[in-house]
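Quick note, the sequences are listed as chains A and B, same order. The numbers in my numbering rise by one with no breaks, and the one at position 16 of the first sequence is 1420. The numbers in my numbering rise by one with no breaks, and the one at position 45 of the second sequence is 362. Ideal Cβ positions, reconstructed from N, Cα and C, are used throughout, including at glycine.
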Amino acid sequence: KQEVTQIPAALSVPEGENLVLNCSFTDSAIYNLQWFRQDPGKGLTSLLLIQSSQREQTSGRLNASLDKSSGRSTLYIAASQPGDSATYLCAAFFITNAGKSTFGDGTTLTVKP
Amino acid sequence: NAGVMQNPRHLVRRRGQEARLRCSPMKGHSHVYWYRQLPEEGLKFMVYLQKENIIDESGMPKERFSAEFPKEGPSILRIQQVVRGDSAAYFCASSQAGRTGLNSPLHFGNGTRLTVT
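Structure representation (structure tokens):
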């Protein structure tokens, strides 16, 4: 069964700290992996998409890495801010899964001022 | 350049009524996906559609739920005879290309929050 797991489920850090969110997937045969942010009561905002042939993508203070062989992706957030508080979701697009992405349950991040 | 549009944002139905949720994909996108998010749970895939075709409905409950994406107009997720357990946030996503467009990101709408009383 193709699954995506995110650990930890929740994380609280002081403002300014660098942090890493983890995502693991059970099948290395993926087209891509996408990171999203979800604010309470809102939809999902796409942060970064890593193609299967890439090892990392960067956008501002965010850096996402991909290691297919180990089935892992990380989202690195530099110099965290209270506005970064949200739930972060990763989604793997498995090759054999008929075109749909499978989501992890997310990591809820709280950045304390 | 409008994103994925879902309406209504909030929908309240009594048990036994029908719920119709609408999704207009981003301009130029022909692939639509519906996901459900139960309270305190993650996103679960329901159905993947292209224009006039259901590609994968493996996540849809066998009864009461149906989806369509007609040639003209939005995609519709229809829930007949709603029950309290259907209360959830229903999200629609679209992409420019599906399985053959390997690196086409998903774009999500803001969701429809269904409450069954």
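Just to confirm, are residue i and residue j a CB contact at a threshold of 8 Å?
| i | j | result |
| --- | --- | --- |
| V321(B) | A410(B) | yes |
| Y350(B) | K1504(A) | yes |
| F1498(A) | D1431(A) | yes |
| A1482(A) | I1434(A) | no |
| L1453(A) | T1511(A) | no |
| Y407(B) | G428(B) | yes |
| T1409(A) | S1428(A) | yes |
| H348(B) | R430(B) | no |
| S1463(A) | L1437(A) | no |
Establish whether the CB of residue i and some CB of chain A are separated by less than 8 Å.
| i | result |
| --- | --- |
| N370(B) | no |
| G428(B) | yes |
| F386(B) | no |
To the nearest angstrom, how far is it from the Cα of residue i to the Cα of residue j?
| i | j | result |
| --- | --- | --- |
| Q1442(A) | K388(B) | 31 Å |
| R381(B) | T432(B) | 16 Å |
| G345(B) | D1488(A) | 31 Å |
| V342(B) | S412(B) | It should be noted that the sequence gives Pro, not Val, for residue 342(B). For P342(B) and S412(B), the distance between alpha carbons rounds to 8 Å. |
| F386(B) | N1501(A) | 20 Å |
| A319(B) | P422(B) | 16 Å |
| D373(B) | I1411(A) | 29 Å |
Can you list the residues of chain B that residue i reaches, using a CB-CB cut of under 9 Å?
| i | result |
| --- | --- |
| D1509(A) | E358, G359, L360 |
| T1462(A) | By Cβ distance, chain B contributes nothing, its closest Cβ being about 16 Å from T1462(A), past 9 Å. |
| L1493(A) | G359, L360 |
Could you name the residues of chain A that residue i contacts, counting a contact when the two beta carbons are closer than 9 Å?
| i | result |
| --- | --- |
| N324(B) | Under the 9 Å cutoff, chain A gives no residues; its nearest Cβ is about 13 Å from N324(B). |
Could you tell me whether the Cβ of residue i comes closer than 8 Å to any Cβ of chain B?
| i | result |
| --- | --- |
| G1447(A) | yes |
| D1438(A) | The sequence shown places Gln at residue 1438(A), not Asp. Yes, because at least one Cβ of chain B sits closer than 8 Å to the Cβ of Q1438(A). |
| L1423(A) | no |
| L1453(A) | yes |
Using a C-beta to C-beta distance shorter than 8 Å, which residues of chain A count as neighbours of residue i?
| i | result |
| --- | --- |
| H424(B) | S1450 |
| F408(B) | G1447, L1448 |
What does a CB cutoff of less than 6 Å around residue i pick up in its chain, not counting 5 residues either side in sequence?
| i | result |
| --- | --- |
| Y1480(A) | V1424, N1467 |
| W1439(A) | L1451, L1452, A1468, L1479, C1494 |
Taking 7 Å as the cut-off, is the C-beta of residue i nearer than that to any heavy atom in the ligand MN?
| i | result |
| --- | --- |
| P356(B) | Absent from the structure shown: the ligand MN. Ligands present: none. |
Excluding the five sequence neighbours on either side, which residues of its own chain have a C-beta within less than 7 Å of the C-beta of residue i, listed in chain order?
| i | result |
| --- | --- |
| R1465(A) | I1481, A1482, A1483 |
Applying a beta-carbon distance threshold of less than 7 Å, which residues of chain B neighbour residue i?
| i | result |
| --- | --- |
| K1405(A) | Near K1405(A) there are no residues of chain B at all, since even the closest Cβ is about 12 Å away, more than 7 Å. |
| S1505(A) | L423 |
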